[in-house]
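In terms of numbering that gives the first Met the number 0, the sequence shown has 174 at position 175, counting the first letter as 1, and numbering is strictly consecutive.
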Amino acid sequence: MPRMKAAIFVEPGRIVLDEKPIPDIGPLDALIRITTTTICGTDIHILKGEYPVARGLTIGHEPVGVIEKLGSAVQGYREGQRVIAGAITPSGHSAACLCGCHSQDGAGTRHGWKPMGGWRFGNTIDGCQAEFVRVPDAMTNLAPVPDGLTDEQVLMCPDIMSTGFSGAESGRIRIGDTVAVFAQGPIGLCATAGARLIGATTIIAVESVPKRMEMARRMGADHVVDFTKADPVEEIRRLTDGRGVDVSIEALGRQETFEASLRVLRPGGTLSSLGVYSSDLKIPLDGFMAGLGDHTIRTTLCPGGKERMRRLMEVIASGRVDTRPLVTHRFKLDQIEEAYDLFGHQRDGVLKVAITP
Ligand SMILES: [Zn+2]
């Protein structure tokens, strides 16, 4: 059986480059030869053992590649075509999909709803930090890359841009809104860019890392609050003359940023939460206005599927957003352990790494 290189979860603290068989595909699948991929913050949670996955699983959920082989029932694509697939690969036919919640996918069982069922790559099936990946339900998930766009131009589409933009979309930002975005990691930066695209006219980013503060302005922030120098809640109230913001986007996943996101809202404002939390959240009584603030709290998992990917690549092709500056470091697949080390410790101003087999 032909073999390939892949980044494999061995045990908490260890993701190693090893060899495993090139995946077999079923009638509805496609085999993609990876040309570029990347490491996500979620992969670091997996590495640390904070998010459990099976031992031996290939990690990674952000594929850019070329169709190597199509399943016998797959129509509308050809081998050799350049494609991406979303980090979330919905089936398209589950109850959750047909309720419009593609990312949740899966189905309810007697024991309750299995959450996040649409997230399969590097979670419940082998992922794409490898030479090849099997894409399930290929006709729902493969999106051809428009001619003229490079791998790095579309590398943020599968997850970072889809997730970041969804923070702005779920917040239902309106033209002329004031928006706060807490944390300017890659997803927060894309939330900032998304808020500007939708029509927010005052965007306040909260961050303390100089390189990220600078990037926040580049992606559309009008003000950047360094939370190590000023209390962000007070600062945002000052910047809004006490009105508070229409929408706050939480892009970190911590108690303190969640609380601050709630406290800066105007009455009737929306907290759009993108963070991945690793413990119970407490809702502060004052920020929550004792439950009488007319607030909305929305959570979102990265939207996937080929139509989402097509739209995001169209945004890139239009030139309205350029995510290339987010790719700060480049590694070969052979060096992926080094890439994990750099990305996991956020050394050298890293935002995202590009990995090429
Ligand atoms: Zn991710």
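Note that beta-carbon positions come from the ideal geometry of N, C-alpha and C, so glycine has one too.
- Counting only residues whose CB is nearer than 6 Å to a non-hydrogen atom of ligand 1, the list in chain order is C39, T41, H60, A86, D158.
- Taking 4 residues as the shortest admissible run, the segment 51-104 contains the following complete alpha helix (DSSP H) segments, listed from N- to C-terminal end: 94-97.
- In this structure, M3 sits near F131, with a CB-CB distance shorter than 8 Å.
- Contact fails between the segment 276-286 and the segment 51-67, because fewer than three Cβ pairs, one in each stretch, are under 8 Å apart.
- Per DSSP, reduced to three states, the secondary structure at D17 is strand.
- The Cβ atoms of R119 and P135 lie closer than 8 Å to each other.
- As the crow flies, the alpha-carbon of D221 is around 20 Å from that of G318.
- Annotation: the continuous beta strand (DSSP E) that includes H328 extends over 326-331.
- Secondary structure within the segment 189-220: the alpha helix (DSSP H) runs of 4 or more consecutive residues, fully enclosed, are 209-218 (chain order).
- Around the CB of H101, 16 or more other CB atoms lie within 10 Å, so the residue is classed as buried.
- In the three-state reduction of the DSSP assignment, S260 falls in the helix class, which pools H, G and I.
- Taking a C-beta distance under 8 Å as the contact criterion, T269 and V232 do not qualify as a contact pair.
- With respect to the C-alpha of G70, the residue from Y276, V320, L141 having the closest C-alpha is L141.
- Taking C-alpha positions only, T177 is separated from A199 by approximately 6 Å.
- Put simply, the backbone Cα of P145 is about 24 Å away from that of R195.
- For A6, the enclosing beta strand (DSSP E) has its first and last residue at 2-10.
- Taking I296 as the centre and dropping the five residues before and after it, the same chain places the C-beta of L270, S272 closer than 7 Å to its C-beta, in chain order.
- If you ignore the 5 residues before and after M212, its C-beta comes within less than 8 Å of the C-beta of Q183, A204, E206, V223, D225, all in its own chain and listed in chain order.
- Residue environment for L97: exposed (fewer than 16 other C-beta atoms within 10 angstroms of its C-beta).
- Here M308 is near G85, since their CB atoms are less than 8 Å apart.
- Assignment of E49 by DSSP, reduced to helix, strand and coil, places it in the coil class.
- The three-state secondary structure of L270, taken from DSSP, is strand.
- A straight-line Cα-Cα distance of about 11 Å links K351 and F330.
- Counting the other Cβ atoms within 10 Å of the Cβ of T227 gives fewer than 16, which makes it exposed.
- Here L332 is buried, its C-beta having at least 16 other C-beta atoms within 10 Å.
- With contacts defined as CB atoms closer than 8 Å, L261 and G243 fail to qualify as a contacting pair.
- For K351, the enclosing beta strand (DSSP E) has its first and last residue at 351-355.
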